[in-house]
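In my numbering, the protein residues as written are 5 to 436.
Every residue, glycine too, gets a C-beta built ideally from N, C-alpha and C.
Please read all numbers here as calculations on a predicted model, not as lab measurements.
Taking it in order: structure first as structure tokens, then the write-up.
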Ligand code: UD1
């Protein structure tokens, strides 16, 4: 076991480079299963969720070669299995993309119900309904999703999503890419990683239009061919460094970003009094004065992302006045609150709403990460706090942040990765 040890209150200065987007990579890598040939995928982030997806691809029989630390070559020509082992798929939510990809490739998929961070109920009913609309029969038996296409193959159709689900939109795109005829997804999610998956599939020969709007049209093609593709920068990783500068203070250039994807985050930081300046494929973030209170409501893109809610809450703990946060996507996204309170934060939670009364200072404490973004928020709080903060269960954080310690050290933060003796680990009641 390892932990982070942070000595806080050191303003951040310099430049940090953002890695490829986790939520794009975890869909695009399984999508390589649809391709009869070799895909070279660049700008993949070096994070544990990606390692897991690559292991699943290998277990299914794909030839997976790391060309360098951020480029992988996947040859799915001789893939011969459609059963994703439970021990791997239960470790992450995004393993559900193997259902759409295997169904599209073989007309068959057996994948155990996905795991991942515990953010409350995380149903996949919309994914299942989409596969059924395409003609597949889908059963959930003994914790496994078993999906089968009819003998004549999947057939294009109209899919209306009751909620603009990211996962269901991408899974429907995967299964429909090689179905017969036209599929129209209405009320589709519009997140940047949805556009990235569509661009990847189109680069491999698919015919997808409208990704990034709420109606996506997919004309099925007979087969996809190999090619090279580079994943977009990670909106949430960039937002996390932006929030860190806001909370701790300093002046940082955040490179390799698509500023448009950050508008929803920049707008809120600017409302708090933080300077955010676009510079081509970078943003410069400066915070010299005090932080102002704001209200935040999380919503599907282009709204403020739920995956940035804990990080902005860390900033609001130190803002002048009382802020309100309204979580519009997940029911269980305030598990970090008890940890922040250990640092002196004043937060009350009532259902989906958190009321945060800004305090003059946070004090370092011993914390336990409870999910990926909550863990990132604890890092921000630790960097902004007086004294020493120790964060355990960092495997949650390493699911989604490449070289977090090195990147913050590069900005002048005093953060270290240290071995943690077993007897030091605080039990956590709700960890998954
Ligand atoms: C993805 C992201 C996650 C992010 C979330 C919302 C990945 C791997 N994960 O998760 O980091 O927090 O988008 O931006 O990309 N819902 C249903 N039925 C379904 C599917 C979803 O009711 O079949 C509901 C969920 O309970 C939730 C909402 O729809 O309230 C949005 O979920 P969804 O967009 O599907 O999130 P994920 O794709 O799981």
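Item	Value
Excluding the 5 residues preceding and the 5 following residue 11 in the sequence, name in chain order all residues of the same chain whose CB lies nearer than 7 Å to its CB.	392, 418
Just list the beta strand (DSSP E) runs in the region 305-393, keeping only unbroken ones of 3 residues or longer that don't cross its boundaries, in chain order.	326-330, 350-354, 357-361, 370-372
With burial defined as no fewer than 16 other Cβ atoms inside 10 Å of the residue's Cβ, what is the status of residue 24: buried or exposed?	buried
Whole angstroms is fine: what's the gap from residue 369's alpha carbon to residue 141's?	51 Å
Relative to the alpha-carbon of residue 107, which residue among 95, 88, 96 has its alpha-carbon at the smallest distance?	88
Indicate whether residue 422 and residue 7 have their beta-carbon atoms separated by less than 8 Å.	yes
Measure the C-alpha to C-alpha separation of residue 262 and residue 225 and round it to an integer number of angstroms.	30 Å
Is the beta carbon of residue 299 less than 8 Å from the beta carbon of residue 327?	yes
When we look at the beta-carbon of residue 49 and count the other beta-carbons within 10 Å, is it buried (16 or more) or exposed?	buried
Report yes if the C-beta distance between residue 149 and residue 189 is below 8 Å; otherwise report no.	no
Quick check on the burial criterion: 16 or more other C-beta atoms within 10 angstroms. Buried or exposed for residue 276?	buried
Taking DSSP as the reference, what is the three-state secondary structure of residue 292?	coil
Can you tell me which of the three DSSP states residue 23 falls into?	coil
For residue 164, is the classification buried or exposed, using 16 other Cβ atoms within 10 angstroms of its Cβ as the cut-off for buried?	exposed
Bridge partners of residue 420, per DSSP?	9
Determine, using beta carbons only, whether residue 326 comes closer than 8 Å to chain C.	You won't find chain C in this structure, because it holds only one protein chain.
With which residues is residue 224 paired in a DSSP beta bridge?	DSSP, once it has assigned bridges, lists no residue as partnering residue 224.
Could you tell me which of 185, 235, 192 sits nearest to residue 46, measuring between CA atoms?	235
Can you determine whether any heavy atom of ligand 1 sits closer than 7 Å to the C-beta of residue 265, and answer yes or no?	no
Closer than 6 Å by C-beta to residue 250: which residues in its own chain qualify, once you throw out the five before and the five after it? Chain order, please.	273, 278, 291, 319
Kindly examine ligand 1 and report whether one of its heavy atoms sits closer than 7 Å to the Cβ of residue 94.	no
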